[in-house]
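Going letter by letter, the sequence shown gives residues 228 to 387 in the numbering used here.
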Amino acid sequence: MIICNATPLIAFARIQRLDILQQTVGTLVIPEGVAKEVRGYRGGHYAEIILDDEPWITVQALQAPAQVQLLLPVLDQGEAEVITLALEQNADLVLIDELTGRKVAQSLQLQVIGTVGILIRAKQMGIIPAVKPILEKMIQRGIRYSKRFVCSILHEIGEE
Numbered sequence: 228m229i230i231c232n233a234t235p236l237i238a239f240a241r242i243q244r245l246d247i248l249q250q251t252v253g254t255l256v257i258p259e260g261v262a263k264e265v266r267g268y269r270g271g272h273y274a275e276i277i278l279d280d281e282p283w284i285t286v287q288a289l290q291a292p293a294q295v296q297l298l299l300p301v302l303d304q305g306e307a308e309v310i311t312l313a314l315e316q317n318a319d320l321v322l323i324d325e326l327t328g329r330k331v332a333q334s335l336q337l338q339v340i341g342t343v344g345i346l347i348r349a350k351q352m353g354i355i356p357a358v359k360p361i362l363e364k365m366i367q368r369g370i371r372y373s374k375r376f377v378c379s380i381l382h383e384i385g386e387e
């Protein structure tokens, strides 16, 4: 089971390539807080498409929502719910881009991947021929990555 935060969904939706995410991971589970965040997203018109037209994405309620409160001093609502749900469901992987969320998830022994990691996997699986053009398109559509991070990743995968 893979639990996903809002930013990766928004990143793939902004470039109209949710297919890459689906082909790479299969199915996703998102907590209700992430569903609200994605539905409330006003940077584009993809929010309804993400949740209403994508049967491979399911919304799941938390069993112990009070646990989220323990993470809120450090994380936003969506990230806190993703990590809580991942712990409740013994998830195989959490999909989070934000550095603090990733660090907290890893400190709780959760396996973490981000949007760029999904792109690298997609390339390795033959789903996409290259990471760079997709990553550049995400950046053009307002997804933020530091120049240093992008250069480092592209160098690492031989796409500089």
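C-beta: ideal position from N, C-alpha, C; glycine also. Keep in mind the model is a prediction, meaning the values are calculated, not measured.
Assign residue i to buried or exposed, taking buried as 16 or more other Cβ atoms, counted over all protein chains shown, within 10 Å of its Cβ.
{"i": "L326", "result": "exposed"}
{"i": "M352", "result": "exposed"}
{"i": "A291", "result": "exposed"}
{"i": "L299", "result": "exposed"}
{"i": "G253", "result": "exposed"}
{"i": "E306", "result": "buried"}
Thinking residue i and residue j are a contact (beta carbons under 8 Å), I'd like their distance in whole angstroms, please.
{"i": "I229", "j": "L320", "result": "5 Å"}
{"i": "L362", "j": "L346", "result": "6 Å"}
{"i": "V265", "j": "L245", "result": "12 Å between Cβ atoms; not a contact."}
{"i": "T311", "j": "V295", "result": "5 Å"}
{"i": "R241", "j": "R368", "result": "4 Å"}
Are residue i and residue j touching if we call contact CB-CB under 9 Å?
{"i": "V256", "j": "T285", "result": "yes"}
{"i": "V358", "j": "E315", "result": "no"}
{"i": "N232", "j": "L322", "result": "yes"}
{"i": "A318", "j": "Q250", "result": "no"}
{"i": "A313", "j": "A332", "result": "yes"}
Please work out which residues of its chain come closer than 8 Å, Cβ to Cβ, to residue i, disregarding the five sequence neighbours upstream and downstream, and give them in chain order.
{"i": "E259", "result": "V286, Q287, A288, L289 and E308"}
{"i": "P201", "result": "An answer regarding residue 201 cannot be provided, because it is not within the stretch 228 to 387 covered by the chain."}
{"i": "R329", "result": "I323, V339 and G341"}
{"i": "C378", "result": "E387"}
Could you pull out every residue in the same chain whose Cβ sits closer than 6 Å to the Cβ of residue i, ignoring the five residues on either side in sequence?
{"i": "A238", "result": "T342, M365 and I370"}
{"i": "E275", "result": "Any reading at E275 must be qualified, since the residue scores a pLDDT of 49, below 50, and its modelled position is unreliable; no value is offered."}
{"i": "W283", "result": "Q249 and T254"}
Near residue i, which residues of its chain fall below 7 Å by C-beta distance, leaving aside the five closest residues on each side in sequence?
{"i": "L354", "result": "The sequence given here has Ile at residue 354, not Leu. Taken in chain order, the residues that qualify are I247, Q250 and T251."}
Quiz prompt | Every unbroken beta strand (DSSP E) inside the stretch 295-376 [3 residues or more] | solution = 320-322
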